[in-house]
Structure formats: C-alpha cells, structure tokens
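Novice: Encoded as structure tokens, here's the structure I'll be asking about.
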Amino acid sequence: MENVRYILNTTTKKAKRICEFAVKEGAFNKSYGVKCENYDCGVIIKSFKNTPTIIDIKCSHCLNNEEEYGIKNSTNTSLIEFYELAT
Ligand SMILES: [Zn+2]
3 MENVRYILNT TTKKAKRICE FAVKEGAFNK SYGVKCENYD CGVIIKSFKN
53 TPTIIDIKCS HCLNNEEEYG IKNSTNTSLI EFYELAT
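Numbering (our numbering), first residue to last: 3 to 89.
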C-alpha cells in the first residue's frame, strides 16, 4: 500500500482506488496482515487472504530479541490491509 503510494506519488485514497482496480483486474491480490507495532520491528507476523478473526499473535521476532535488546510491548499488533502482485 505505502509502496504503491510512493511509486505513484499520489494520495492514499487514490492509491487505494488504483489497488482495488488492480485487484478486480487480477493484477494484485488483497491480503490482510497482522503487523507488529514495535517501531523497530514492524514485520508482518502473519498474513491472511480473508479478514482474520484472531489477531492476538505474539511477534516471534520481538520475543527472540527481547532479552538481548530489551524490547517491550512485543505483543502489540495491528491488523493491516496490503496488496501484493498476483503471481
Ligand atoms: Zn516485532
């Protein structure tokens, strides 16, 4: 989503419309992801093809680094929508 917006240098709303159009055309697949909210991490922990009902997932990346780097709030996650090129 952000990548598309950057490339097209346009508004988020426009970018979203373009993405939705691309999904209809079969160029993009729409996915849902659970993203780690840790600023230093931000990885998509898990992705889904449909809206997931459970987003309470711990970020294993943060959990692995917790002791070493003292990262806190490793359980904070948020649901995002993203688009990927259809293969
Ligand atoms: Zn994380």
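Quick reminder that beta carbons are idealized off the backbone N, C-alpha and C, glycines included.
1) Taking residue 78 and residue 40 to be in contact with their CB atoms under 8 Å, please state how far apart those CB atoms are, rounded to whole angstroms.
2) Closer than 7 Å to a non-hydrogen atom of ligand 1 - does that hold for the CB of residue 40?
3) Does ligand 1 have even one heavy atom less than 7 Å from the beta-carbon of residue 45?
4) Taking the alpha carbon of residue 87 as the reference point, which residue from 43, 47 and 20 has its own alpha carbon closest?
5) Leaving out five residues on either side along the sequence, give the residues of the same chain with a beta carbon under 8 Å from the beta carbon of residue 33.
6) Work out the CA separation of residue 23 and residue 55 for me, nearest whole Å.
7) Along the chain, where does the alpha helix (DSSP H) containing residue 14 start, and where does it finish?
Specialist: The answer reads as follows:
1) 7 Å
2) yes
3) yes
4) 20
5) 49, 50, 51, 83, 84, 85 and 86
6) 26 Å
7) 14-27
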